[in-house]
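Here's the structure, in structure tokens; my notes come after.
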Amino acid sequence: QGYQGLVDGGDHIREATWESVSMMLQLGGTVIGSARCQDFRTREGRLRAARNLVKRGITNLCVIGGDGSLTGADTFRAEWGGLLAELLKTGGITAEEAQRSSHLNIVGMVGSIDNDFCGTDMTIGTDSALHRIMEIVDAITTTAQSHQRTFVLEVMGRHCGYVLAPRRGSCHPKNWGKWLKSRFWPHFRYLALITALACGADWVFIPESPPEDDWEEHLCRRLTE
Numbered sequence: 001q002g003y004q005g006l007v008d009g010g011d012h013i014r015e016a017t018w019e020s021v022s023m024m025l026q027l028g029g030t031v032i033g034s035a036r037c038q039d040f041r042t043r044e045g046r047l048r049a050a051r052n053l054v055k056r057g058i059t060n061l062c063v064i065g066g067d068g069s070l071t072g073a074d075t076f077r078a079e080w081g082g083l084l085a086e087l088l089k090t091g092g093i094t095a096e097e098a099q100r101s102s103h104l105n106i107v108g109m110v111g112s113i114d115n116d117f118c119g120t121d122m123t124i125g126t127d128s129a130l131h132r133i134m135e136i137v138d139a140i141t142t143t144a145q146s147h148q149r150t151f152v153l154e155v156m157g158r159h160c161g162y163v164l165a166p167r168r169g170s171c172h173p174k175n176w177g178k179w180l181k182s183r184f185w186p187h188f189r190y191l192a193l194i195t196a197l198a199c200g201a202d203w204v205f206i207p208e209s210p211p212e213d214d215w216e217e218h219l220c221r222r223l224t225e
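Numbering of the sequence shown is given in full-length UniProt numbering, commencing with residue 1 and proceeding in unit increments.
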């Protein structure tokens with residue numbers, strides 16, 4: 001999965017066909033798999049990845065991912081010439097293979113629920129994430145109503161907050177309680193914020209604009225209105 005397959009090579013790299021992606025269009029999420037790859041963070045790991053591509057004659061690479069994946073792709077692009085030179089020097093590839101793979105074309109597709117990339121209004125995955133969160137919120141509505149409780153939902157979003165952003169939101173007990181909070185305290189103002197707006201939350205914390213010192217009193221007053 002991800003760069004790990006590129007580093008490991010072997011059966012992890014195989015030709016994609018129409019059958020490989022059939023019945024995926026209606027599915028949200030990383031259907032093709034996703035994984036962090038510590039090996040690709042190292043020069044040695046990228047050398048192995050480069051050798052696997054060269055040996056298979058692959059000169060076009062499509063990277064789907066967020067900040068980490070695309071940063072890795074940019075590093076790979078910048079080092080490509082040096083990686084080939086090192087592999088050629090150590091006998092990892094032949095001069096003919098190096099010449100044939102002298103240029104690597106990389107296409108980056110922003111697949112991230114964080115919606116934290118410029119150049120696009122909404123990154124791939126953001127809408128699906130919002131949709132899933134709203135499904136969960138709808139599912140707990142009856143329990144919140146019957147038990148007069150406030151629920152806490154934790155959502156992802158890294159350092160941006162499209163899905164994340166407002167850190168928490170709570171709902172009036174007479175309606176249905178929800179308390180949305182983003183997973184990482186420091187930044188987020190969007191994912192949770194947009195979700196809070198969509199579900200009608202009555203209270204939202206935005207880290208970039210810290211609440212007043214007596215926010216607890218205001219929150220309790222709001223919940224009793």
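Virtual Cβ for every residue (Gly too), placed ideally from N, Cα, C. Note that the structure is a prediction, hence the values are computed from the model and not measured.
Have a look at the DSSP bridge pairing and note the partners of CYS220.
Bridge partners of CYS220: none, in fact.
Could you please give me the residues that DSSP links to CYS62 through a beta bridge?
Beta-bridge pairing links CYS62 to VAL107.
Going by C-alpha distance, which of ILE64, LEU104, ILE113, GLU44 is nearest THR90?
Taking only the C-alpha atoms, the option nearest THR90 is GLU44.
Who are the Cβ neighbours of LEU87 in its own chain at under 6 Å, not counting the five residues just before and after it?
Around LEU87: ARG51, ILE93.
Can you check whether the CB of ASP39 is closer than 9 Å to the CB of VAL7?
Contact: yes.
In this structure, does DSSP put ILE32 in helix, strand or coil?
Three-state DSSP puts ILE32 in coil, outside helix and strand.
Identify the continuous alpha helix (DSSP H) that holds GLN99 and give its terminal residues.
Looking at the DSSP string, the run of the alpha helix (DSSP H) that includes GLN99 is 95-100.
According to DSSP, simplified to helix, strand and coil, what is ASN175?
Confidence is the limiting factor: at ASN175 the pLDDT is only 34, short of 50, which leaves the residue's position unreliable, though a coordinate-based value still follows. Correct three-state label for ASN175: coil.
Determine the direct distance from the alpha carbon of MET109 to that of ARG77, and round the result to whole angstroms.
Answer to the nearest angstrom: the Cα atoms are 15 Å apart.
From what residue to what residue does the alpha helix (DSSP H) around ASP116 run?
Here ASP116 belongs to no alpha helix (DSSP H), and DSSP marks it neither H nor E.
When you compare only the Cα positions, how much space is there between LEU193 and VAL204?
Distance between the alpha carbons of LEU193 and VAL204: 7 Å.
What did DSSP end up calling ILE194 once you bin it into helix, strand or coil?
Three-state result, ILE194: helix.
Express the C-alpha separation of PRO210 and ASP11 in angstroms, rounding to a whole number.
C-alpha separation (whole angstroms): 51 Å.
To the nearest angstrom, report how far apart LEU47 and VAL155 are at their CA atoms.
If you take the alpha carbons of LEU47 and VAL155, they lie about 36 Å apart.
Tell me the DSSP secondary structure of ILE136 in three-state form.
Residue state, collapsed to three classes: helix.
Quick check: the stretch 103-121 against the stretch 58-75, are there 3 or more CB pairs under 8 Å?
Cβ pair count under 8 Å is three or more, so yes.
Can you give the beta carbon distance from ILE106 to LEU61, rounded, assuming they're within the 8 Å contact cut?
Right, the Cβ-Cβ distance comes to about 5 Å (below 8 Å), so this counts as a contact.
Is it right to say THR71 is buried, meaning 16 or more other beta carbons lie within 10 angstroms of its own, or is it exposed?
By the 10 Å Cβ count, THR71 comes out exposed.
For my contact list, LEU83 and ALA98 are in at a C-beta cut-off of 8 Å; report their separation, rounded to the angstrom.
The Cβ separation is near 10 Å, so there is no contact.
Using 9 Å as the threshold, is the C-beta distance between CYS199 and MET134 below it?
Taking 9 Å as the Cβ cut-off, CYS199 and MET134 qualify as a contacting pair.
What's the C-alpha gap between THR195 and ILE136?
The straight-line gap from Cα to Cα measures roughly 11 Å.
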